[in-house]
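Have a look at the structure below, then the notes.
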């Protein structure tokens with residue numbers, strides 16, 4: 205894998221895709237799991253990798269979902285999948301890339317058309333993909349600054365840390381931590397209802413801030429929004445498709461592979 209880092213962008217992403225497919229198959233065999241999703245898309249930028257997973261529902265799964273609200277196994281066992289990814293996939297990726305992984309975020313699965321799908325972002329400690337899509341660096345810095353100022357204007361505090369990553373001019377990834385006051389952080393960790401409200405609040409605030417970011421940095425309307433808020437660590441993970449109008453064609457094309 206280390207040698208693959210020297211390839212062109214297209215060749216690299218093909219190699220990354222093959223590696224992730226092989227790693228997923230290896231983990232499935234270890235836990236005797238059925239294939240619940242295929243890796244459909246990989247993008248790399250700076251210290252990060254974006255992955256998209258998907259699986260077309262079988263006719264009986266679609267019928268069961270429509271009639272009875274029965275979740276697909278990928279969504280039903282999401283917590284377990286996230287746990288084994290952290291326990292098994294992350295260490296193996298660290299060994300393959302020769303680099304520590306700071307954060308691996310698997311967003312909760314969603315349904316669209318006849319498909320169940322999920323996305324993940326992996327952040328390494330070193331810039332393994334430095335120089336790839338380097339033209340995005342200034343925009344990423346501006347996005348992080350706008351997010352920080354807008355959040356502080358709305359919340360009168362924080363965030364303590366913000367970083368932005370743009371993947372292939374298609375996805376915007378945001379990481380922010382230190383968002384709550386010490387008391388608010390303590391309180392939401394003691395009360396499940398407060399934690400839920402806090403998460404909903406973050407999502408509502410994000411839509412406002414993303415609109416401001418797009419007005420300043422892009423000529424598109426924000427598309428699909430994926431969010432994960434770690435209450436205990438007070439860390440916010442965001443992934444947004446940059447062009448609402450392009451999402452249907454993009455989603456259809458990658459799921460057809």
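Residue numbers (this note's numbering): 205 to 461.
Think of the CB as a built atom: it goes at the ideal place given N, C-alpha and C, for glycine as much as any other residue.
Quick caveat: nothing in here was measured; it's all calculated off a predicted structure.
A straight line joining the alpha-carbon of residue 404 with that of residue 434 spans about 13 Å.
The beta carbon of residue 369 sits closer than 7 Å to the beta carbons of 249, 250, 252, 344 and 377 from its chain, once the five residues preceding and following it are set aside; these are given in chain order. Here DSSP, grouped into helix, strand and coil, assigns residue 401 to helix.
Spanning the alpha carbons of residue 372 and residue 445 requires a straight line of approximately 11 Å. For residue 270, the enclosing alpha helix (DSSP H) stretches over residues 263 to 272. Fewer than three pairs of CB atoms, one per stretch, sit closer than 8 Å, so the stretch 290 to 299 makes no contact with the stretch 257 to 274.
Bridge partners of residue 438 according to DSSP: none are assigned.
When DSSP reads this structure, residue 242 sits in a beta bridge with 258.
Here residue 353 is exposed, its C-beta having fewer than 16 other C-beta atoms within 10 Å.
At least 7 Å separates the beta-carbon of residue 329 from that of residue 310.
Distance from the CA of residue 266 to the CA of residue 313, rounded to the nearest whole angstrom, comes to 15 Å. Beyond the five residues adjoining it in sequence on each side, residue 438 comes within less than 8 Å, by CB distance, of 381, 382, 383, 384 and 389 in the same chain, given in chain order.
Inter-residue distance for residue 304 and residue 236 is about 27 Å (C-alpha atoms, whole angstroms). Distance check between residue 362 and each of 379, 263 and 254 places 379 closest, using alpha-carbon atoms only. The three-state reading of DSSP puts residue 379 in strand, counting E and B together.
For residue 447 against residue 424, the beta-carbon gap comes to about 4 Å, under 8 Å, which counts as contact. Looking at 223, 245 and 217, the one whose alpha-carbon comes closest to that of residue 459 is 245. For residue 314, the uninterrupted beta strand (DSSP E) run begins and ends at 314 to 316, by DSSP. Close CB contacts of residue 455 within its chain, under the 7 Å cut and outside five residues either way in sequence, are with 316 (chain order). Distance from the Cα of residue 357 is smallest, within the candidate group 331, 416 and 393, for 416. Taking residue 225 as the centre and dropping the five residues before and after it, the same chain places the C-beta of 243 closer than 7 Å to its C-beta, in chain order. Beyond the five residues adjoining it in sequence on each side, residue 331 comes within less than 7 Å, by CB distance, of 250 and 251 in the same chain, given in chain order. Restricting attention to 247, 240 and 234, the CA atom closest to the CA of residue 217 is found in 247. Rounded to whole angstroms, the Cβ separation of residue 254 and residue 387 is 35 Å, and the two are not in contact under 8 Å.
Per DSSP, the continuous beta strand (DSSP E) segment holding residue 328 begins and ends at 319 to 328. In the three-state DSSP reduction, residue 291 falls in the helix class (H, G or I).
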